[in-house]
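> Heads up: the sequence shown begins at 26 in the numbering used here, then just goes up one per residue.
I have a structure here, written as structure tokens, and I will follow up with some questions on it.
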Amino acid sequence: MQFTYPMLRLSVVLLLVFQAFCTQNPIETTETKNDRGQLERWQRRKDNFVKEGLFQRFSPEGVLLEEAHYLADSLDGERKYFFPNGKVESIERYQNNKIHGKFQAFYEDGQLKIEQDFVNGALNGLSIRYYPSGKIQEKVMLKDNVENGPFSEYHENGNPKTEGTYAPNEEGDGLEEGELKEYDETGQLIRIADCKNGACLTRWKK
């Protein structure tokens, strides 16, 4: 096959465009195996090898175990862990390499297990834990990774189990403080206690 001058010129132009595209794309994909035999694949900058873009980790059998996003070598955006069956185990959100935003953990069947909020790497706000059935098991307020504020526990049928308040002690641990109420599975109040630094004395019992 003979190339005419216009065809040859077009081929040269296309080659130059392709080379320019490759030169302009600063990201490449690389992979390696860790000491557990798991394949790690990530995107990085060509000029300094800094992680930039998608990161993935696979089991020796090829099952996706982890997926995250990097910006300038720092975690940024969603990070997911997976069960061997492919279902999501947990979802973390990152900002400037610190966990920040909503955290979710799941049971192996996909049912939500835990829902919490992080602010600049520390747990803050309402934390909710669920039974495998999907019913709420516990609600508690957190401040800087410590239980601090009202909490409620529930029987799996939805009735209240325990109601009270946490307060940090001198060591920074969240302990029961003030009035504590306990209920049976029917929702009937069965005990009231007064708590101080986690030590609770029964004031009334059914």
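All residues carry an ideal CB built from backbone N, CA and C; glycine is no exception.
All values derive from a computational prediction rather than experimental measurement.
(1) Could you tell me which residues DSSP puts in a beta bridge with Phe-176?
(2) Can you tell me where the beta strand (DSSP E) holding Ser-152 begins and where it ends?
(3) Around the Cβ of Asn-184, are there at least 16 other Cβ atoms within 10 angstroms (buried) or fewer (exposed)?
(4) If you check the beta carbons only, do Glu-53 and Arg-69 fall under 8 Å apart?
(5) Quick one: give me the first and last residue of the beta strand (DSSP E) that His-94 is part of.
(6) With which residues is Gly-203 paired in a DSSP beta bridge?
(7) Would you kindly check if the distance between the Cβ of Gly-189 and the Cβ of Leu-205 is under 8 Å?
(8) Tell me the rounded alpha-carbon separation between Phe-28 and Arg-61.
(9) Would you report the Cα separation of Arg-154 and Asn-50, rounded to the nearest angstrom?
(10) Can you tell me which of Leu-226, Tyr-179 and Ala-192 puts its alpha carbon nearest to the alpha carbon of Gln-213?
(11) Could you work out which residue in Arg-118, Gly-203 and Gly-174 is closest to Leu-129 when comparing CA atoms only?
(12) Round the Cβ separation of Asn-170 and Ala-147 to the nearest angstrom and send it over; I've been treating them as touching at under 8 Å.
(13) Under three-state DSSP, which class holds Gln-63?
(14) Using the rule of at least 16 other Cβ atoms within 10 Å of the residue's Cβ for burial, across every protein chain shown, is Asp-134 buried or exposed?
(15) Taking 8 Å as the cut-off, decide whether the C-beta atoms of Glu-56 and Glu-65 are in contact.
(16) State the CB to CB distance for the pair Ala-93 and Val-75, rounded to an integer number of angstroms; the pair is presumed to be in contact (CB under 8 Å).
(17) Reducing DSSP to helix, strand and coil, say where Gln-141 ends up.
(18) What first and last residue would you give for the beta strand (DSSP E) that runs through Ser-158?
(19) In this structure, does DSSP put Gln-49 in helix, strand or coil?
(20) From Phe-43 to Leu-79, what distance separates their C-alpha atoms?
So, from the listed chains and residues:
(1) Taking the sequence shown and counting its residues from 1, the one referred to as residue 176 is at position 151. According to DSSP, Phe-176 bridges with Val-165 and Gly-189.
(2) Start at 1 with the first residue of the sequence shown, and residue 152 comes out as number 127. Here the beta strand (DSSP E) through Ser-152 covers 150 to 155.
(3) Against the sequence shown, residue 184 aligns to sequence position 159. With fewer than 16 Cβ atoms within 10 Å of its Cβ, Asn-184 is classed as exposed.
(4) Counting from one through the sequence shown, the residue named residue 53 turns up at place 28. Counting from one through the sequence shown, the residue named residue 69 turns up at place 44. Contact: yes.
(5) Translated into positions along the sequence shown, residue 94 becomes position 69. Unbroken beta strand (DSSP E) run through His-94: 89 to 96.
(6) Within the sequence shown, residue 203 is the residue found at index 178, counting from 1. DSSP, once it has assigned bridges, lists Cys-220 as partnering Gly-203.
(7) Taking the first residue of the sequence shown as 1, we reach residue 205 at position 180. Taking the first residue of the sequence shown as 1, we reach residue 189 at position 164. Closer than 8 Å, so yes.
(8) Within the sequence shown, numbered from 1, the residue matching residue 28 stands at position 3. Within the sequence shown, numbered from 1, the residue matching residue 61 stands at position 36. Only weak support is given to the placement of Phe-28: the predicted model assigns it a pLDDT of 46, under 50, and the value that follows is read from those uncertain coordinates. When rounded, the distance between both Cα atoms is 54 Å.
(9) The residue given as residue 154 occupies position 129 in the sequence shown. The residue given as residue 50 occupies position 25 in the sequence shown. For Arg-154 and Asn-50, the distance between alpha carbons rounds to 45 Å.
(10) Indexing the sequence shown from 1 puts residue 213 at position 188. Ranking Leu-226, Tyr-179 and Ala-192 by Cα distance to Gln-213 puts Tyr-179 first.
(11) Locating residue 129 in the sequence shown gives position 104, counting from the first residue. Here residue 129 turns out to be Gln, not Leu, going by the sequence shown. Ranking the options by Cα distance to Gln-129, first place goes to Arg-118.
(12) Walking along the sequence shown from the start, residue 170 turns up at place 145. Walking along the sequence shown from the start, residue 147 turns up at place 122. So it is a contact: roughly 5 Å between Cβ atoms.
(13) Within the sequence shown, residue 63 is the residue found at index 38, counting from 1. Gln-63 falls in the coil class under three-state DSSP.
(14) The count along the sequence shown starts at 1 and reaches residue 134 at position 109. Counting Cβ neighbours within 10 Å, Asp-134 comes out exposed, since fewer than 16 surround it.
(15) Start at 1 with the first residue of the sequence shown, and residue 56 comes out as number 31. Start at 1 with the first residue of the sequence shown, and residue 65 comes out as number 40. A contact, by the Cβ cut-off of 8 Å.
(16) Residue mapping note: residue 93 aligns to position 68 of the sequence shown, counting from 1. Residue mapping note: residue 75 aligns to position 50 of the sequence shown, counting from 1. That pair is no contact at about 15 Å.
(17) Here residue 141 refers to the residue found at position 116 of the sequence shown. Three-state DSSP puts Gln-141 in a strand.
(18) For this step, residue 158 is matched to residue 133 along the sequence shown. Element bounds for Ser-158: n/a, residue is neither H nor E.
(19) For this step, residue 49 is matched to residue 24 along the sequence shown. Residue state, collapsed to three classes: helix.
(20) Residue numbering aside, residue 43 sits at position 18 when the sequence shown is read from its first letter. Residue numbering aside, residue 79 sits at position 54 when the sequence shown is read from its first letter. Confidence is the limiting factor: at Phe-43 the pLDDT is only 49, short of 50, which leaves the residue's position unreliable and the question unanswerable from this model.
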